[in-house]
Amino acid sequence: MPEDRLMPNANLRILFEAIEEVMGENGAKAVLKSGGLGRFVGNYPPNNTELEATFADYGAAQQAVEDFYGPRGARAMLTRIGRATFQRTLKERPAILGLAGIAFKALPMGARMKLVLDNITKAANKDVNLRAYLREEPDAYYYVNEECPCRWRPKHDKPACFVTVGVLQEAMGWATGKNFRVEEVACISNGASACVYRIPKKPIE
Ligand SMILES: [Zn+2]
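Residue numbers (the numbering used here): 419 to 623.
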């Protein structure tokens with residue numbers, strides 16, 4: 419196990435709330451207990467941005483959901499949990515996403531996507547203790563994270579960070595009103611040096 423890395427309390431809290439939203443209260447309880455996170459049942463981290471939660475616990479919660487549904491079923495559930503995570507963060511802690519007060523009605527779709535991805539990247543570095551950057555290619559954006567809770571999860575034979583896939587899908591949907599096929603194309607838990615998410619510039623028709 420790598421040395422622990424800290425993240426804001428609110429991020430872990432919102433992940434737990436999103437798990438509860440998608441799996442129900444009893445499902446969330448079962449998952450927390452089986453993931454070695456029983457101390458958080460009825461006792462979520464506070465809704466503040468103190469760096470007192472850990473990447474290891476954030477990863478353990480995702481892993482527990484994966485173990486609960488099995489790797490195939492977990493993919494859809496974790497993506498839904500990611501979508502709920504984005505919506506809750508937007509409501510409860512918009513500053514974490516860097517999206518507080520953004521008004522972009524007049525901007526074209528591409529500019530909206532870029533603005534939201536830029537802001538998420540900035541906030542990831544500044545507030546969430548991630549190490550993220552954005553790369554743009556003619557047909558897609560690549561959101562790259564050099565630190566990820568999946569570093570604290572068991573090795574996977576395929577990319578495993580579907581919560582972040584869901585967050586990015588929902589963020590793009592929120593920004594544009596359209597659906598995008600976001601994919602994690604490289605993953606730390608799969609042996610890569612960074613988790614890399616591809617966000618195509620064209621939505622799904
Ligand atoms: Zn990953």
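All C-beta atoms, glycine included, are put in the ideal place defined by N, C-alpha and C.
### Query
Span of the beta strand (DSSP E) holding M441?
Not the beta strand (DSSP E): M441 falls in the alpha helix (DSSP H), residues N427 to S452.
### Message
So within the stretch 519-597, which uninterrupted beta strand (DSSP E) runs reach at least 3 residues, ignoring any that extend past its ends?
### Response
550-554 and 558-563
### Query
Which of helix, strand or coil does DSSP assign to P618?
The three-state secondary structure of P618, taken from DSSP, is strand.
### Query
Is Y561 buried or exposed, if buried means 16 or more other CB atoms sit within 10 Å of its CB?
With 16 or more other Cβ atoms inside 10 Å of its own Cβ, Y561 counts as buried.
### Query
Shortest alpha-carbon distance to G528 belongs to which of K509, P512, K540 and D557?
Looking from the CA of G528, the closest CA among K509, P512, K540 and D557 belongs to D557.
### Task
Run the proximity test for I606: is its beta-carbon closer than 6 Å to any non-hydrogen atom belonging to ligand 1?
yes
### Task
Determine, using beta-carbon pairs with one atom in the stretch 441-452 and one in the stretch 471-486, whether at least three such pairs fall under 8 Å.
yes
#### Entry: Residue(s) in a DSSP beta bridge with C613
N563
### Query
beta strand (DSSP E) containing T472: first to last residue?
L469 to T472
### Task
Helix, strand or coil for L517, going by three-state DSSP, please let me know.
coil
### Query
Is L508 helix, strand or coil when you go by DSSP?
helix
### Query
From which residue to which residue does the beta strand (DSSP E) around V603 run?
E601 to A604
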